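Chains as they are written, first to last, in the working numbering: chain H, 1 to 79; chain U, 1 to 79; chain R, 1 to 233; chain D, 1 to 579.
Working notes, beginning with the structure itself.
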Amino acid sequence: MKVRVTVMLKEGVLDPQGKAISHALQTLGFPGVTEVHVGKVIELDVEGSDQAAVQKQAEDMARDLLANLVIEDFKVEVL
Amino acid sequence: MKVRVTVMLKEGVLDPQGKAISHALQTLGFPGVTEVHVGKVIELDVEGSDQAAVQKQAEDMARDLLANLVIEDFKVEVL
Amino acid sequence: MKSAIVVFPGTNRERDMAIALKRVTGKAPTMLWHRDTDLPDVDLVVLPGGFSYGDYLRCGAMAAHSPIMAAIRAFAQKGGHILGVCNGFQILTETGMLPGALLRNANLRFLSQDCHLRVERNDTPFTHKWAKDAVFRTPLAHGDGNYTADSQTLEKLEGEGLVAFRYANAKGDVQADDAETNPNGSINSIAGILSENTRICGMMPHPEDLVDPLMGGEDGLPLFEGLVEAFVR
Amino acid sequence: MKKTVDLALAREFGLTSEEYDRVLKIMGRTPSLTELGVFSVMWSEHCSYKSSRKWLRTLPTTAPWVIHGPGENAGVVDIGEGYAAIFKMESHNHPSFIEPYQGAATGVGGILRDVFTMGARPVANLNALRFGSPDTPRTRQIIDGVVRGIGGYGNCVGVPTVGGEINFHPAYDGNPLVNAMTVGIARKDRIFLSAAAGVGNPVVYVGSRTGRDGIHGATMSSAEFDENALAKRPTVQVGDPFIEKLLIEACLELMATDAIVAIQDMGAAGLTSSSVEMAGKGGVGIELDLDAVPQREPGMTAYEMMLSESQERMLIVLRPDRTEIARKIFEKWELDFAVIGHLTDTGHIVVKHKGQVEADIPLDPLAEEAPIYDRPAATPQAPAPLEAVHAPLSLDAMLLKLVGSPDLASRAWVWNQYDSTVGGQTVRRPGAADAAIVKIEDTTLGLALTTDCTPRYCQADPKSGGAQAVAEAWRNITATGARPLAVTDNLNFGNPEKPEIMGQFVAAIEGMGEACRALDFPVVSGNVSLYNETRQPDGSTMAILPTPAIGALGVFEDVSKAVGLGMASESALVLIGET
Ligand SMILES: Nc1ncnc2c1ncn2[C@@H]1O[C@H](COP(=O)(O)OP(=O)(O)O)[C@@H](O)[C@H]1O
């Protein structure tokens with residue numbers, strides 16, 4: 001099954017990338033952009049056919065490796 | 001409006017990060033993972049209320065700056 | 001030779017480059033700011049190394065949209081000479097002035113070490129002080145130097161002889177799948193390429209950091225001496 | 001976050017009941033939350049050196065070539081031809097355990113600011129690292145993150161990382177040490193200090209915006225805070241080396257004008273310590289209007305802004321007629337710039353927010369009545385006799401074992417991730433000499449730089465261990481041909497409230513002082529990191545090995561005479577000294 005894990009910085013954590021991109025967009029002539037946040041997306045092919053089990057396994061993977069819970073939150077979607 | 005731009009390496013472009021993650025997942029005891037792809041997700045707050053116009057603007061931003069079409073594909077979702 | 005160096009926010013090897021250029025021309029190059037919209041009358045424009053805009057998003061992506069890049073594009077169209085080193089190379093690929101792209105190093109780490117480069121042709125202003133197939137040592141320092149291009153582009157580069165430098169061992173042997181000699185994993189061990197008219201050169205390593213015996217050698221000097229000879233005026 | 005200010009809260013903030021009594025006496029009333037926050041950070045071990053000050057005073061700090069010793073943001077020594085070298089070492093141990101990459105990265109950022117604040121262009125970074133056993137996965141993760149973090153920050157700001165040292169010992173399993181050192185160069189008549197002057201002069205904030213980063217970083221246990229806020233509130237500061245690079249260039253550009261009266265970076269306890277220290281040193285008052293502070297998040301309270309540890313920020317007192325010149329420079333570099341207050345003649349720090357006075361504290365007693373402790377120190381026990389060492393069966397096997405041991409193995413994996421050549425002045429890169437060597441651009445001058453300490457010696461005998469660290473640094477510098485000039489230190493120890501730890505601390509300083517005096521090698525800056533202990537499963541705590549890391553600097557009049565380690569063929573090998 002295909003799984004998508006999205007990892008974003010926690011609210012309130014400085015996001016230097018987002019800041020720099022929003023700044024660049026302004027000067028590029030896209031003035032309407034107010035906030036930018038940058039995160040990672042990790043797409044996985046996981047063996048198995050039980051949606052709940054795959055979801056659980058992906059959450060474990062996110063906690064153990066894919067996200068840094070000190071500064072990041074994650075979201076798991078089984079596609 | 002909130003917009004999410006997802007940027008992934010094109011198929012065929014080497015993705016050492018994906019490989020490293022899939023390897024690390026194996027050694028961490030997640031044997032069932034076969035393929036891993038890593039990409040970026042950029043969430044933007046864009047002024048405007050016309051869904052189509054915002055979609056178009058985000059696509060322009062993606063083409064101009066957020067993705068490098070030589071190596072990357074992108075997808076725009078107005079949320 | 002009259003030369004200019006472009007400084008973007010986050011550029012950090014402009015001083016190294018200025019030292020190298022001054023060493024061969026006897027005069028300090030003009031420093032340009034990324035917001036400038038005109039170029040002075042120069043023979044060579046250099047995009048130096050660093051982390052323009054923090055290299056956030058992608059290396060060189062935001063600098064490629066700086067105001068000065070329009071003037072640099074026009075300069076290129078008129079046949080001007082441009083050297084892009086490290087971040088400068090990344091910026092040139094991001095603008096499309098050179099083909100291909102630079103990905104994360106294959107081992108996913110920043111690399112700071114010496115490497116050896118083999119000179120692939122010596123009939124360009126950038127390479128003519130070396131013999132063809134000469135090998136020279138130079139430092140490299142980057143996290144995203146893994147050159148890639150689609151097969152069509154690659155065919156063209158190789159077919160038209162637009163590869164300037166390849167990573168090699170000290171004897172000049174090239175082996176793309178060997179991490180010792182091709183440290184960042186570049187396709188075909190490509191370290192530097194040329195535009196079709198051979199007037200734009202982009203390369204990842206830093207010959208400008210090896211132009212003084214006190215800093216460990218002068219192996220990078222021929223690049224700069226060659227440029228000066230190409231523009232005697 | 002409405003909290004009643006009382007002894008219980010003061011305790012949560014890390015003050016003792018005696019210290020809280022002192023606060024009440026100084027204020028003559030119950031302090032506000034913001035005021036309590038200011039006292040607690042200013043009187044924290046980190047800012048007040050309350051356990052160590054008495055002993056630090058015993059170190060030699062002067063020599064004819066010392067321009068500024070301890071007390072400024074960094075030490076300053078005369079290196080000739082009108083130039084000064086400015087340098088300091090600082091720890092980021094705890095943050096590097098919580099989040100190794102960001103902890104180490106912001107450690108590098110912090111020490112860079114201490115140096116360029118004084119007018120120097122940073123020319124070299126070094127580090128001194130201690131990790132637990134390299135075969136545990138957690139330690140490997142920490143090493144990886146710390147090394148990436150040091151590289152990630154240093155490489156981006158474009159300051160070469162030219163040297164350092166690494167040791168391993170299980171005592172650092174839960175408490176790695178990340179000590180970072182920066183060396184900068186300035187004209188010796190263009191050095192900038194932090195003492196504010198000139199009643200009415202504007203106080204200016206530049207750099208990144210203020211967020212709720214690391215608010216309880218310095219003092220308090222976070223658990224006491226309202227759970228919800230905590231989950232969202234980052235305890236870890238994230239660094240932005242790109243902004244730091246712009247800040248360096250903008251500050252140096254401003255420093256080339258005559259606009260600056262005083263300047264100080266916002267380090268631990270950010271706005272509080274910078275404003276209190278600048279005003280205190282200058283003997284003036286200061287009034288801040290927090291509404292003007294550039295903010296990253298909406299709804300921040302005065303307390304949060306005063307205690308935020310957001311990175312990449314500086315506080316500057318300007319000549320009033322130069323404010324516009326300064327504003328233009330920071331606009332050019334695309335950095336936030338805001339006049340957030342002015343100097344007064346009241347001798348108080350007054351903090352206003354939304355029309356309210358949130359804090360009003362007399363500065364003299366805040367500094368002068370800061371606690372200082374003479375903690376009981378047990379004399380360290382004589383080192384235990386070593387077990388007999390048997391002659392190895394095979395010298396070859398022994399050599400292999402030594403070369404393969406973590407403490408002696410090649411560090412190339414580490415330094416190959418650090419840009420050591422940016423700047424074009426690196427004469428000897430890591431591994432090429434006993435000390436790193438950098439040239440001073442446009443001169444024949446050069447600097448030899450090293451960091452040294454052998455914790456297991458300090459464990460066995462803190463006094464000789466402290467002396468040995470200084471001596472080793474001195475030897476590493478002289479071995480390159482440079483003349484040793486001065487020392488910075490980073491004293492990493494356990495809990496000073498334990499007499500045996502305090503004993504280690506006192507003895508190590510005694511040893512360092514003796515060696516520094518004997519070698520005419522003064523200490524011009526430094527940092528103390530105490531309470532480096534980890535709770536064990538059985539409830540006891542384990543302290544790190546006593547680790548007084550020494551950073552040292554020497555000068556070459558003619559750097560082309562420097563010698564390295566590489567042996568030319570047919571050269572003779574001479575051993576000097578008794579074996
Ligand atoms: N953390 C580090 N960062 C950069 N360089 C390092 C680090 N650790 C060690 N080095 C370098 O490795 C070399 C050998 O280190 P070390 O064994 O500690 O030297 P020494 O015995 O001279 O003190 C030196 O050049 C030192 O600067």
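Note that beta-carbon positions come from the ideal geometry of N, C-alpha and C, so glycine has one too.
Since we're looking at a predicted model, the values are computed, not measured.
Which of the three DSSP states, helix, strand or coil, is assigned to residue i?
i, result
"R:V228", "helix"
"D:V293", "coil"
"D:G551", "strand"
"H:E11", "coil"
"D:Q417", "coil"
"D:Q356", "strand"
"D:T106", "helix"
"D:K561", "helix"
"H:V54", "helix"
"D:F13", "coil"
"D:V236", "coil"
"R:T25", "helix"
"D:Y531", "coil"
"H:M61", "helix"
"D:T62", "coil"
"U:K2", "strand"
"D:S133", "coil"
Excluding the 5 residues preceding and the 5 following residue i in the sequence, name in chain order all residues of the same chain whose CB lies nearer than 6 Å to its CB.
i, result
"D:Q417", "V147, G151"
"D:I509", "W55"
"D:Y373", "K50, S51"
"D:R296", "R209, G211"
"R:K2", "V42, D43"
"D:G103", "H92, P95, S96"
"D:G282", "A195, A196, A197"
Short of 8 Å in beta carbon distance, which residues of its chain neighbour residue i, apart from the five on each side in sequence? Order them along the chain.
i, result
"D:E227", "Low confidence applies to D:E227: its pLDDT is 39, below 50, so where it sits in the model is not reliable enough to give any reading."
"R:V119", "T127, W130, A131, K132, D133, A134, V135, F136, A164, F165"
"H:G12", "none"
"R:L111", "N105, L140, A141, H142, G143, G145, P183, N184"
"U:F30", "none"
Apart from the five residues just before and just after residue i, which ones in its own chain have a Cβ nearer than 7 Å to its Cβ?
i, result
"U:F74", "V5, T6, V7, A62, L66, A67"
"R:V7", "E14, M31, L32, W33, H34"
"D:H348", "G285, D360, I361, P362, L363"
In terms of DSSP beta bridges, what is residue i paired with?
i, result
"D:G164", "D:N127"
"D:M314", "D:V206, D:D265"
"R:Q113", "R:L140"
"R:P99", "R:P99 is not bridged to any residue."
"R:R166", "R:R118, R:I190"
"D:N93", "Beta-bridge pairing links D:N93 to no other residue."
If you check the beta carbons only, do residue i and residue j fall under 8 Å apart?
i, j, result
"D:L307", "D:I340", "no"
"D:L126", "D:P202", "no"
"H:G18", "U:G48", "no"
"R:V45", "R:G80", "yes"
"D:V77", "D:A486", "yes"
"R:A149", "R:G100", "yes"
"D:K561", "R:L214", "no"
"R:T138", "R:H65", "no"
"D:E99", "H:I71", "yes"
"R:S234", "R:M69", "Outside the displayed range of chain R (1 to 233) lies residue 234 of chain R, so it cannot be described from this structure."
"D:G466", "D:M512", "yes"
"D:R583", "D:V555", "Nothing can be reported for residue 583 of chain D: it is not among the residues displayed for chain D, which extend from 1 to 579."
Shortest alpha-carbon distance to residue i belongs to which of the options?
i, options, result
"D:E244", "D:T58, D:P298, D:S310, D:I260", "D:S310"
"U:T40", "H:L79, H:L9, H:M1", "It should be noted that the sequence gives Lys, not Thr, for residue 40 of chain U. Ranking H:L79, H:L9, H:M1 by Cα distance to U:K40 puts H:L9 first."
"D:S44", "D:V183, D:E19, D:G82", "D:E19"
"D:F131", "D:T579, D:A448, D:N532, D:G503", "D:N532"
Indicate, with yes or no, if ligand 3 has a heavy atom lying under 7 Å from the CB of residue i.
i, result
"U:K10", "In the structure shown, ligand 3 is absent; the only ligands present are ligand 1."
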